[in-house]
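Numbers 3 to 193, taken from the working numbering, label the letters of the sequence shown in order.
For each residue, glycine too, the CB sits at the ideal point set by N, CA and C.
Structure first, commentary second.
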Amino acid sequence: MVFKKKVYLQNEIQGNDFEDAIFESCKFIGLSFKFINFQNCTFRNCDFTESLFDSVGFIGCSFPESKLSFLDFSNTSIQNCDFAGTIAENCIFQKLKGGSKSERKNLDLRSCNFEGASLNGTVFVMCNLKKVNFQKSILESAVFERCNLEETDFTQAKIAGCGFSDCNIKKTFLDLNGLIDYGSSKGFELK
Numbered sequence: 003m004v005f006k007k008k009v010y011l012q013n014e015i016q017g018n019d020f021e022d023a024i025f026e027s028c029k030f031i032g033l034s035f036k037f038i039n040f041q042n043c044t045f046r047n048c049d050f051t052e053s054l055f056d057s058v059g060f061i062g063c064s065f066p067e068s069k070l071s072f073l074d075f076s077n078t079s080i081q082n083c084d085f086a087g088t089i090a091e092n093c094i095f096q097k098l099k100g101g102s103k104s105e106r107k108n109l110d111l112r113s114c115n116f117e118g119a120s121l122n123g124t125v126f127v128m129c130n131l132k133k134v135n136f137q138k139s140i141l142e143s144a145v146f147e148r149c150n151l152e153e154t155d156f157t158q159a160k161i162a163g164c165g166f167s168d169c170n171i172k173k174t175f176l177d178l179n180g181l182i183d184y185g186s187s188k189g190f191e192l193k
């Protein structure tokens, strides 16, 4: 099913599951997504500004040219999603333990792609990003805290002001500019 240029209201999404749907230029502004699953959905040029996610699943979804900024993915399940070309600035990617507002557990994002995404100021906490593609992404002032970045590819990414705290950095790829900024002594390698 294809939905074009639709402005969604809370009652139109609440408690529904969507499978194999295509959303084009749709607006989900200021909505509370709770107990909703999206499977194999495409969100092309959609806007999720000021929305809240609670017990939401995204499986096999893509978000080309969509605006996902200022979102907290703490209470979502994300599997095999393509964030290429997405604007997801000042977001939080982390997983909270059930019922907790502060206790974190690992979030596995190995099946996701962030190539060419705008991720300025976005925070990744305790994420498994092994072999994930961040090529050509904009990661200025982004933070990676206690993440597995083994063999993660940051070539041609803009990483000025990006922070890496307590991360597993092994065979993590940068281009020459990134390598000059961070150096090979931290486990980064030239690609």
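Enumerate in chain order the residues of its own chain whose CB-to-CB distance from serine 34 is below 6 Å, with the five nearest sequence positions on each side excluded. Leu54
My assumption, with CB atoms under 8 Å, is that glutamate 153 sits in contact with asparagine 122. Please give the rounded CB distance. That pair is no contact at about 24 Å.
Separation of cysteine 164 from serine 139, as counted between CA atoms: 12 Å
Between phenylalanine 25 and the rest of its own chain, which residues show a CB-CB distance below 6 Å, the 5 nearest in sequence each way excluded? Phe5, Phe45 and Cys48
Can you check the stretch 31–117 for any beta strand (DSSP E) of at least 3 residues that lies completely inside it and give the ranges in chain order? 34–41, 44–46, 54–61 and 78–81
If you check the beta carbons only, do glutamine 137 and threonine 124 fall under 8 Å apart? no
Top-ranked residue by Cα proximity to glutamate 67, from Val58, Thr78, Gln81 and Phe85: Phe85
Which residues in the same chain have their Cβ closer than 6 Å to the Cβ of leucine 176, if we skip the five residues on either side of it in sequence? Phe156 and Phe190
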